[in-house]
Amino acid sequence: MADLTTEFLGIKSPNPFWLASAPPTDKEYNVRRAFEAGWGGVVWKTLGMEGPPVVNVNGPRYGAIYGADRRLLGLNNIELITDRPLQTNLEEIKRVKADYPDRAIIVSLMVPCEEQAWKDILPLVEETGADGIELNFGCPHGMSERGMGAAVGQVPEYIEMVTRWCKQYYSKPVIVKLTPNITDVRKPAAAAMRGGADAVSLINTINSITAVNLDTMSPEPSIDGKGSHGGYCGPAVKPIAMSMVSEIARNPETHGLPISGIGGVTTWRDAAEFMALGCGNVQVCTAAMTYGFKVVQEMISGLSDWMDEKGHTSIQDFVGMAVPNVTDWQYLNLNYIAKAKISQDDCIKCGRCYAACEDTSHQAISMSEDRVFEVIDAECVACNLCVDVCPVEDCITMVQMAPGEVDPRTGKVVEKEYANWTTHPNNPGACAAE
Amino acid sequence: MPDATPLTPGITSGRLSAETLSQNFDDLHPAYAPHEAAVAADRCYFCHDAPCITACPTDIDIPLFLRQIQTGTPEAAAKTILSQNILGGMCARVCPTETLCEEACVREAAEGKPVEIGRLQRFATDTLMRAGKHPFTRAKSTGKSVAVVGAGPSGLSCAHRLAMHGHDVVLFDARAKAGGLNEFGIAAYKSTDGFAAQEVDWLLKIGGITVETGQRLGQELSLDELQNEYDAVFIGIGLSGVNSLRAAGEEREGVSDAVSFIADLRQASDLSGLPVGRDVVVIGGGMTAVDAAVQSKLLGAQNVTIVYRRGQDQMGASRFEQDLATSKGVRIVANAQPVAIHGNGAVAEAEFEYTTTKDGTLKGTGETFRIKADQLFKAIGQTLEGAPEALKLDGRKIAVTGAGRTSVKGIWAGGDCASGGDDLTVTAVAEGRDAAEDIHSTLMGGK
Chain A
30 MADLTTEFLG IKSPNPFWLA SAPPTDKEYN VRRAFEAGWG GVVWKTLGME
80 GPPVVNVNGP RYGAIYGADR RLLGLNNIEL ITDRPLQTNL EEIKRVKADY
130 PDRAIIVSLM VPCEEQAWKD ILPLVEETGA DGIELNFGCP HGMSERGMGA
180 AVGQVPEYIE MVTRWCKQYY SKPVIVKLTP NITDVRKPAA AAMRGGADAV
230 SLINTINSIT AVNLDTMSPE PSIDGKGSHG GYCGPAVKPI AMSMVSEIAR
280 NPETHGLPIS GIGGVTTWRD AAEFMALGCG NVQVCTAAMT YGFKVVQEMI
330 SGLSDWMDEK GHTSIQDFVG MAVPNVTDWQ YLNLNYIAKA KISQDDCIKC
380 GRCYAACEDT SHQAISMSED RVFEVIDAEC VACNLCVDVC PVEDCITMVQ
430 MAPGEVDPRT GKVVEKEYAN WTTHPNNPGA CAAE
Chain B
8 MPDATPLTPG ITSGRLSAET LSQNFDDLHP AYAPHEAAVA ADRCYFCHDA
58 PCITACPTDI DIPLFLRQIQ TGTPEAAAKT ILSQNILGGM CARVCPTETL
108 CEEACVREAA EGKPVEIGRL QRFATDTLMR AGKHPFTRAK STGKSVAVVG
158 AGPSGLSCAH RLAMHGHDVV LFDARAKAGG LNEFGIAAYK STDGFAAQEV
208 DWLLKIGGIT VETGQRLGQE LSLDELQNEY DAVFIGIGLS GVNSLRAAGE
258 EREGVSDAVS FIADLRQASD LSGLPVGRDV VVIGGGMTAV DAAVQSKLLG
308 AQNVTIVYRR GQDQMGASRF EQDLATSKGV RIVANAQPVA IHGNGAVAEA
358 EFEYTTTKDG TLKGTGETFR IKADQLFKAI GQTLEGAPEA LKLDGRKIAV
408 TGAGRTSVKG IWAGGDCASG GDDLTVTAVA EGRDAAEDIH STLMGGK
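Going down the list, the protein sequences come from chains A and B.
Here the first sequence is numbered in the working numbering, starting from 30 and rising by one per residue.
Here the second sequence is numbered in the working numbering, starting from 8 and rising by one per residue.
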């Protein structure tokens with residue numbers, strides 16, 4: 030079994046699976062049980078400033094979207110930061126950390142955008158013995174209306190400023206949690222870096238309305254007939270999160286900045302993908318909220334088996350391995366030519382590839398009287414839609430044409446050399462290679 | 008006979024407790040709950056030009072109705088079904104889906120587990136019928152009237168479609184109740200809680216259909232009179248005759264037709280009052296044979312044997328039906344034909360001869376054997392009886408061309424009594440519907 034020990038910002042944990050700052054990490058009882066179940070670390074649910082705690086709604090906090098058989102694909106929430114007294118949380122953090130020295134405990138924080146507020150709370154957190162802090166600049170509902178959470182995360186200057194305060198008044202690692210509710214995630218990441226952040230974590234939840242009740246015309250989750258946008262998370266947001274992670278990982282300005290990946294991690298594979306895109310570890314919430322803490326056991330065994338299979342002996346072996354392969358569209362090889370190929374042995378003759386191609390794409394699949402579906406190479410642009418809609422895995426595959434062959438669609442010989450849009454004759458801005 | 012058991016000799020009632028009987032005759036395939044239905048429907052791949060539609064004799068748009076179930080609109084799904092097959096509720100229960108839509112389902116090819124189209128169809132139609140809704144309305148009255156003779160699947164289907172088009176229909180049936188084989192044939196566990204009668208009542212909600220029972224063609228009804236009184240006539244009288252065994256001793260007490268046994272069972276208000284033998288032998292290989300055998304077993308017969316003269320793969324009953332029979336404890340003996348029924352007054356034993364098929368001809372091998380029997384059912388096919396002489400026959404059925412046109416202008420026929428088709432409920436429904444469309448276009452000035 031591969032060694033999953035992770036060292037993120039110098040913080041050791043037995044595996045890279047941390048529970049994200051959220052309801053599962055709101056109190057000692059939960060966190061102890063999470064550690065017993067095997068989680069490598071937790072980011073304690075966000076603490077606010079001293080004083081009367083925030084209050085939550087007293088109706089539904091969560092809304093969901095489902096796949097087949099009510100498989101939860103996306104969850105949204107309108108819950109706020111911890112609604113328990115600051116002192117209680119601090120005492121609990123201290124106790125749990127003392128009992129679990131090998132696990133990572135990060136404290137998520139959200140206090141007003143004033144230096145004094147941070148100056149006040151940071152020593153209290155330092156005192157708990159927790160391994161670091163995470164700045165919640167992402168919470169998209171409720172707190173943002175009070176000038177905190179995403180309201181800070183959407184202004185790079187504020188991120189930089191607050192991060193700097195934290196580095197000034199706190200001795201341990203500072204992670205800045207980013208909101209996806211912005212246009213270019215590279216900007217806040219760079220701001221965090223300038224402020225001295227040790228790492229960024231992303232994504233926080235996405236503004237969302239999961240459903241509208243068509244009887245009451247209320248958005249869901251509905252509180253007394255009204256709804257408010259909540260934060261969207263779960264498997265459905267993973268592609269968005271991975272894109273944002275990769276943007277930060279490959280941006281020269283932030284390249285090398287440690288990243289804690291968050292967003293729909295549900296299985297070991299999701300975790301491995303985030304890590305291949307540059308994340309030093311991952312944070313999980315929805316999977317635990319859907320299936321309970323035990324779900325980490327599959328993540329541990331799955332990642333370990335995969336690492337063994339690939340010959341990786343430590344987490345660091347593969348972190349960031351996919352980053353060099355993330356590029357801009359303009360650099361994709363236009364001389365790479367593929368054609369769809371349908372395995373007649375595997376085909377179950379549902380005709381979904383035909384309907385998709387015929388109705389919505391390139392009319393590149395033929396259908397015979399007896400339901401034999403074949404690719405018309407002269408029409409196929411290798412768009413992959415047939416692969417995506419085929420219910421049988423690997424029944425349709427994309428087969429690369431070898432250099433020297435003639436593409437029956439264009440009549441042109443497949444070139445061996447790499448060539449992209451920047452030098453393409455149709456590109457008005459092309460600079461011919463001299 | 009309250010003390011009877013499966014071991015009690017002779018033909019007797021009350022072999023099993025009322026509770027056991029009620030369990031035995033419960034729904035063969037229990038109805039889906041809404042979530043189960045959504046999950047099951049979600050398995051449909053929404054195939055292009057779906058093979059299941061092609062396999063359905065009534066061409067129901069199955070992928071569409073499954074998607075309608077999946078999206079929470081089972082009543083819309085029901086309308087999709089019923090617009091092609093007005094007896095979609097009964098067909099959902101009795102269709103041999105394993106040889107029709109579900110056999111064609113691509114998931115059968117993919118994983119040997121088709122989408123459960125039949126059960127899902129039942130979910131949709133039951134939902135609509137439970138709500139008491141009838142989703143079709145009549146067109147403006149055409150002033151034309153049509154006589155439909157026979158209120159079985161083909162007649163009901165024909166009558167409904169004609170009524171929908173605005174014609175006035177009188178639906179005649181020889182029996183005291185409409186429904187035909189849906190009401191009097193078909194195993195009880197496929198049509199529980201009086202479903203056949205409920206479906207007829209529901210179907211008649213379209214309006215414009217008058218039902219007249221106790222009207223037998225050739226007796227109370229004459230074809231000439233019908234032709235004079237109505238603008239068109241549709242005949243769907245089924246097959247009321249029963250083939251004989253042509254074996255010595257066929258007249259012995261305890262020997263009867265499987266169809267009558269099933270009809271008695273279907274009409275029985277109390278199954279514990281229905282007598283059945285201890286050792287039951289059913290001769291035949293079709294659905295009727297299986298229905299009679301399985302129900303004998305479920306009534307408490309100790310030993311039930313189906314004897315079929317050809318190979319088991321030749322049986323008219325589907326593999327699923329055969330497996331159902333054997334799972335209930337029925338023994339199937341293939342390649343044996345009846346030679347004689349022995350007994351002193353009542354049947355005591357049935358004697359069979361093994362058979363082989365050489366060059367397509369069935370021959371006895373000369374080797375015989377006997378099976379103990381105190382009750383013997385004949386299920387070797389039904390024949391046309393009471394067909395008007397004016398109509399040409401094709402073999403032993405009324406000859407039809409196109410959409411059920413008989414040799415006489417103005418008279419259509421469909422269902423089991425007409426040539427072609429495969430004697431399934433669903434085929435009869437399709438034939439009745441198509442004949443109605445042809446009658447409609449003919450009456451409205453077509454050819």
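Idealized CB from N, CA, C, for every residue including glycine.
Since this is a predicted model, take the numbers as computed values, not measurements.
Between A/Y447 and chain B, is the shortest Cβ-Cβ distance under 9 angstroms, so that the two count as touching? no
Beta-carbon proximity check, A/L164 vs A/I110, cutoff 9 angstroms: no
Proximal residues, the stretch 33 to 56 of chain B versus chain A, C-beta separation under 9 angstroms: H42, A45, V46, D49, R50, Y52, F53, C54, H55, D56
Helix, strand or coil: which one does DSSP assign to A/E36? strand
Measuring alpha carbon to alpha carbon, tell me which of A/P353, A/E446, A/I40, A/E155 ends up nearest A/I366. A/E446
Which residues, in chain order, does the stretch 80 to 110 of chain A contribute to contact with chain B at a C-beta distance below 9 angstroms? G96, A97, D98, R99
Would A/S330 be called buried (16 or more neighbouring beta carbons within 10 Å of its own) or exposed? exposed
Residues in its own chain within less than 6 angstroms of B/G45 by CB, not counting five upstream and five downstream? It is Ala, not Gly, that sits at residue 45 of chain B in the sequence shown. Cβ within range, chain order: Q77.
My parser needs the alpha helix (DSSP H) runs of 4 or more residues fully inside the stretch 30 to 70 of chain B; what are they? 41 to 49, 58 to 62
For B/A154 and B/G293, I'd like the C-alpha separation in whole angstroms. 32 angstroms
Alpha carbon of A/L76 to alpha carbon of A/M246, nearest angstrom: 35 angstroms
Within 10 Å of its beta-carbon, does B/G95 have 16 or more other beta-carbons around it, so buried, or fewer, so exposed? buried
Do we get a CB-CB distance below 9 angstroms when we pair B/P16 with the residues of chain A? no
Under 7 angstroms Cβ to Cβ from A/I188, same chain only, skipping five residues before and after it: list those, please. F166, V181, G182, V205, P217, A220, A221, G224
9 angstroms is my cut-off, CB to CB: does B/R259 come that close to chain A? no
Any residues in the stretch 95 to 119 of chain B with a beta carbon nearer than 7 angstroms to a beta carbon of chain A? Which ones, in chain order? V113, A116, A117
A/A133 - partner residues in DSSP beta bridges: A/G70
Whole angstroms are fine: how far does the CA of B/A40 sit from the CA of B/V436? 27 angstroms
Under 9 angstroms between C-beta atoms, does A/I485 make it to chain B? Since the first residue of chain A shown is 30 and the last is 463, residue 485 of chain A is not available in this structure.
Could one say the Cβ of A/A393 lies closer than 9 angstroms to chain B's Cβ atoms, at least one of them? no
Count the other CB atoms within 10 Å of the CB of A/P454; is the residue buried (16 or more) or exposed (fewer)? exposed
Given this structure, state the Cα-to-Cα distance separating B/R126 from B/R326, to the nearest angstrom. 18 angstroms
Do three or more CB pairs link the stretch 258 to 274 of chain A to the stretch 226 to 234 of chain A at distances below 8 angstroms? yes
Interface residues of chain B facing A/G380 [CB-CB closer than 7 angstroms]: C54, H55, D56
Shorter than 9 angstroms from the beta carbon of A/P53 to some beta carbon of chain B? no
Identity of the residues DSSP links to A/M427 by a beta bridge: A/A369
Rounded C-alpha distance that separates A/R468 from A/K267: This structure cannot settle anything about residue 468 of chain A, because the visible part of chain A is limited to 30 through 463.
Take the Cβ of B/G307 as the centre, count every other Cβ of all protein chains shown within 10 Å, and call the residue buried at 16 or more, exposed below. buried
So, using beta-carbon positions, are A/I134 and A/G39 closer together than 9 angstroms? no
Determine the closest residue to A/R279 out of A/L306, A/D98, A/A226, A/V294, with distance taken between C-alpha atoms. A/L306
Are there 16 or more other CB atoms within 10 angstroms of the CB of B/M8, so buried, or fewer, so exposed? Confidence is the limiting factor: at B/M8 the pLDDT is only 45, short of 50, which leaves the residue's position unreliable and the question unanswerable from this model.
Taking 9 angstroms as the threshold (beta carbon to beta carbon), is A/V404 in contact with chain B? no
For a contact defined as C-beta to C-beta under 9 angstroms, what are the partners of A/P420 on chain B? Y52, V113, R114, A117
Quick one: what's A/I235 bridged to in DSSP? A/Y261
Would you mind telling me which residues of chain B sit closer than 7 angstroms to A/A384, beta carbon to beta carbon, in chain order? H55
Helix or strand or just coil, what does DSSP make of A/V435? strand
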